[in-house]
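Engineer:
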Amino acid sequence: MIHTLIFDIGNVLADFNWRGYLDSRKLPREEHEVVERVLFMSPMWKEVDRGSLSDEELLEIICREAPAYGELIRKIYGGAGVAVQEYPYAPGLLKKLKEQGYKIYILSNYGKTFFEERKPYFRFLDYADGQVISYQEKFVKPEPEIYETLLSRYGISPEEAVFFDDLPANLEAAEKFGIHTVQVTGYESIKEGLSRFGIRI
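So this is what it looks like as structure tokens:
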């Protein structure tokens, strides 16, 4: 029987629309393409979530890829927190599930600066019994250590838990621990996933 529900943040409880944010800056084509490539599409973005380097250390590495655009890259990075906006359904969804007696946890890859900036706007956090955020642990999904941390810290029985995430790799890693999973492609997929386990909202 399911007693625990685990949710990712980006593209599950909040919209992570970095493309929309970048488009809103209305940069010339060349500048847009450079920022997209060296910042948002860079492997270093995962290190933002890991939290092992400061923002300045990360930016120094990132800007080496396009030194002529360093000032622009820093400016775009500095405002990127707004690329994540809570979905309107998120707080109500978690509230209903909480009222039904389910334990609710957050498991998310998120960088320190951006998380602390957006946290006051995430109303859904009010209904969480706990959270494991990547920058705090220095591990990122789908690394096994971050799942181990969640399970051990909160005494979660994997066979009694369902994890909602948008990325197959993150779900596959959870399944190795015996956690049930649902791939999220929108609100309807969450509802359908809950219904598979006999949960109605």
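Residue numbering for the sequence shown follows the working numbering, starting at 336 and increasing by one per position.
Heads up, the beta-carbon is just placed ideally off N, CA and C, and yes, glycines get one too.
#1: Pairs of beta-carbons, one from the region 424-444 and one from the region 361-380, closer than 8 angstroms: are there three or more?
#2: Would P477 and A496 qualify as a contact pair, given that the criterion is a beta-carbon distance under 8 angstroms?
#3: Can the beta-carbon of T516 be found closer than 8 angstroms to that of F532?
#4: In chain order, which continuous runs of the alpha helix (DSSP H) of length 4 or greater are located wholly inside the region 395-470?
#5: Where DSSP assigns a beta bridge to I341, which residues make up the other side?
#6: Look up T484 in the DSSP assignment and say whether it is helix, strand or coil.
#7: Shortest alpha-carbon distance to E366 belongs to which of L407, N346 and L393?
#8: Under three-state DSSP, which class holds F351?
#9: So, does the CB of P455 fall closer than 8 angstroms to a CB anywhere in chain D?
#10: Per DSSP, which one or two residues make a beta bridge with V517?
#11: Could you check where the alpha helix (DSSP H) with I525 kicks off and where it finishes?
Structural biologist: Let me lay it out:
#1: no
#2: In the sequence shown, residue 477 corresponds to position 142, counting from 1. In the sequence shown, residue 496 corresponds to position 161, counting from 1. No, Cβ-Cβ distance for P477 and A496 is not below 8 angstroms.
#3: Here residue 516 corresponds to residue number 181 of the sequence shown, with the count starting at 1. Here residue 532 corresponds to residue number 197 of the sequence shown, with the count starting at 1. Going by C-beta atoms, T516 is not nearer than 8 angstroms to F532.
#4: 405-413, 425-434 and 447-453
#5: One-based indexing of the sequence shown puts residue 341 at position 6. Within the DSSP bridge table, the entry for I341 names Y440 and F498 as partners.
#6: Here residue 484 corresponds to residue number 149 of the sequence shown, with the count starting at 1. It is helical.
#7: Residue mapping note: residue 366 aligns to position 31 of the sequence shown, counting from 1. Restricting attention to L407, N346 and L393, the CA atom closest to the CA of E366 is found in L407.
#8: As a working note, residue 351 is residue 16 in the sequence shown. F351: strand per DSSP, three-state reduction.
#9: Chain labels in this structure do not include chain D; a single protein chain is all it has.
#10: Working through the sequence shown from its first residue, we reach residue 517 at position 182. In the DSSP output, where bridge partners are listed per residue, V517 has F499.
#11: Along the sequence shown, read from residue 1 onward, the residue named residue 525 stands at position 190. Following the DSSP letters along the chain, one finds I525 inside the alpha helix (DSSP H) bounded by residues Y522 to R531.
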